[in-house]
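Trainee: Taken in sequence, the protein lines are chains A and B.
Residue numbers for the first sequence follow this note's numbering, so the first one is 1183 and each next one is one higher.
Residue numbers for the second sequence follow this note's numbering, so the first one is 1471 and each next one is one higher.
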Amino acid sequence: SQKIEQNSEALNIQEGKTATLTCNYTNYSPAYLQWYRQDPGRGPVFLLLIRENEKEKRKERLKVTFDTTLKQSLFHITASQPADSATYLCALEGAAGNKLTFGGGTRVLVKP
Amino acid sequence: DTGVSQDPRHKITKRGQNVTFRCDPISEHNRLYWYRQTLGQGPEFLTYFQNEAQLEKSRLLSDRFSAERPKGSFSTLEIQRTEQGDSAMYLCASSTGWVSDSYEQYFGPGTRLTVT
């Protein structure tokens, strides 16, 4: 069955450092991979989308890589700030506009 | 653009009662999705609509669950004969789907259901 794994342990990081999150998947061939941010008690908020034929995508302090051979995506937050503290969700999509299959999320805590 | 709205935000009900949730998507979005999220987990897909047509339902969606999207605008999710295992956050999302080149989904704030 399809499985998406994110590190369930919280990531504690010092302000200014780079946070790196991992998303691994099995039994899936996604056309798109998306990353979302979720704050407690709120719905997820879209951050970045990367297509299967793209290796890397950047947006401001965020960077996503996608390795379809390793079946892995890495999500980086550079120059992290306390406001970046949240849960980050990886989501796979088999075809455009279809359902998303989410990982369990990784909580990030940026300490000042 | 007022975003995706959901009503109610919180619902407490007794086991065996029926509940109905409403979702109003972003007005120009033709796709609408329902997800369920329990504490510490990522959202799980339940069902989605393209306009008024329900295109896919998860096997998680038992016979007690039904969703509608009349006229392709707002959607309702009804749970009949609620069970304690139904306690979760119910999230609605919308997107433009294949119409444009952006496939991200916009989520509402969710309805938190507690079944006692």
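Heads up, the beta-carbon is just placed ideally off N, CA and C, and yes, glycines get one too.
Determine the chain B residues that contact A/R1275 at a beta-carbon separation under 7 Å, and present them in chain order.
Mentor: First, the amino acid is wrong: residue 1275 of chain A is Glu here, not Arg. Neighbours of A/E1275 on chain B, chain order: Y1573.
Trainee: Evaluate the contact criterion for the region 1254-1269 of chain A versus the region 1523-1541 of chain B: three or more CB pairs, one atom per stretch, below 8 Å.
Mentor: Cβ pair count under 8 Å is below three, so no.
Trainee: Going by DSSP, what residue range makes up the beta strand (DSSP E) through B/H1480?
Mentor: Here the beta strand (DSSP E) through B/H1480 covers H1480 to T1483.
Trainee: In angstroms, rounded to a whole number, what distance separates the CA positions of B/D1533 and B/L1525?
Mentor: Taking the straight line joining both Cα atoms gives about 17 Å.
Trainee: Consult DSSP for A/Q1184 and reduce its assignment to one of helix, strand or coil.
Mentor: Coil at A/Q1184, not helix or strand.
Trainee: Beta-carbon separation of B/N1521 and B/N1488 under 8 Å?
Mentor: Going by C-beta atoms, B/N1521 is not nearer than 8 Å to B/N1488.
Trainee: At 8 Å on the CB atoms, spell out the chain A contacts of B/L1561, in chain order.
Mentor: Correct list: G1225 and P1226.
Trainee: Do you know how far the Cα of A/Y1218 is from the Cα of A/C1272?
Mentor: Between A/C1272 and A/Y1218, the C-alpha separation is close to 6 Å.
Trainee: I need the straight-line Cα distance from B/T1581 to B/K1484, nearest angstrom please.
Mentor: The alpha-carbon atoms of B/T1581 and B/K1484 are separated by roughly 16 Å.
Trainee: Using only alpha-carbon positions, find the residue among A/N1280, A/A1277, A/N1206 and A/E1236 that is nearest to A/S1190.
Mentor: Checking every option, the nearest Cα to that of A/S1190 belongs to A/N1206.
Trainee: When the Cα atoms are used, what is the spatial distance from B/D1494 to A/F1284?
Mentor: Using only the alpha carbons, I get a separation of about 23 Å.
Trainee: Go to A/S1150, then tell me how far its beta strand (DSSP E) extends in each direction, as first and last residue.
Mentor: With chain A covering only 1183 through 1294, there is no way to say anything about residue 1150 of chain A.
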